[in-house]
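Student: This note's numbering applies: residue 52 is where the sequence shown begins, and numbers increase by one.
Ideal Cβ placement from N, Cα and C applies to all residues, glycine included.
All values reported here derive from a predicted model rather than from experimental measurement.
For reference, the structure I am asking about is given below.
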Amino acid sequence: MLRRVIRKFIHDDSGPTAVEYAVMLALIIVLCISGISMVGGGNNGWWTRTNTSLQSYGF
52 MLRRVIRKFI HDDSGPTAVE YAVMLALIIV LCISGISMVG GGNNGWWTRT
102 NTSLQSYGF
């Protein structure tokens with residue numbers, strides 16, 4: 052019984068596939084966070100100007 056479970060575990064390919072998907076997901080998350088950070092810093096002035104304009108109109 053134990054040999055069969057170990058043999059099945061060794062020959063099963065779903066473990067490495069799950070690890071590959073986890074690594075790809077981690078890379079996508081890092082890219083999204085870095086992209087948002089880069090874009091967010093450039094838009095900070097735009098949001099400040101928009102907020103000031105809206106406040107001058109009483110919003």
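(1) Between the alpha carbons of A73 and I79, how many angstroms are there, rounded?
(2) Could you spell out the range, first to last residue, of the alpha helix (DSSP H) harbouring F60?
(3) Just how far apart, CA to CA, sit D64 and G96?
(4) Ordered along the chain, which non-local residues of its own chain (more than five positions away) have a Cβ less than 8 Å from that of I84?
Tutor: Taking the geometry as given:
(1) Counted from its first residue, the sequence shown places residue 73 at position 22. Counted from its first residue, the sequence shown places residue 79 at position 28. For A73 and I79, the distance between alpha carbons rounds to 10 Å.
(2) For this step, residue 60 is matched to residue 9 along the sequence shown. Residues 53 to 62.
(3) Taking the sequence shown and counting its residues from 1, one reaches residue 64 at position 13. Taking the sequence shown and counting its residues from 1, one reaches residue 96 at position 45. Going from the Cα of D64 to the Cα of G96 covers about 50 Å.
(4) On the sequence shown, position 33 is the one that residue 84 refers to. For I84, there are no CB contacts under 8 Å within the same chain when 5 residues up- and downstream are skipped.
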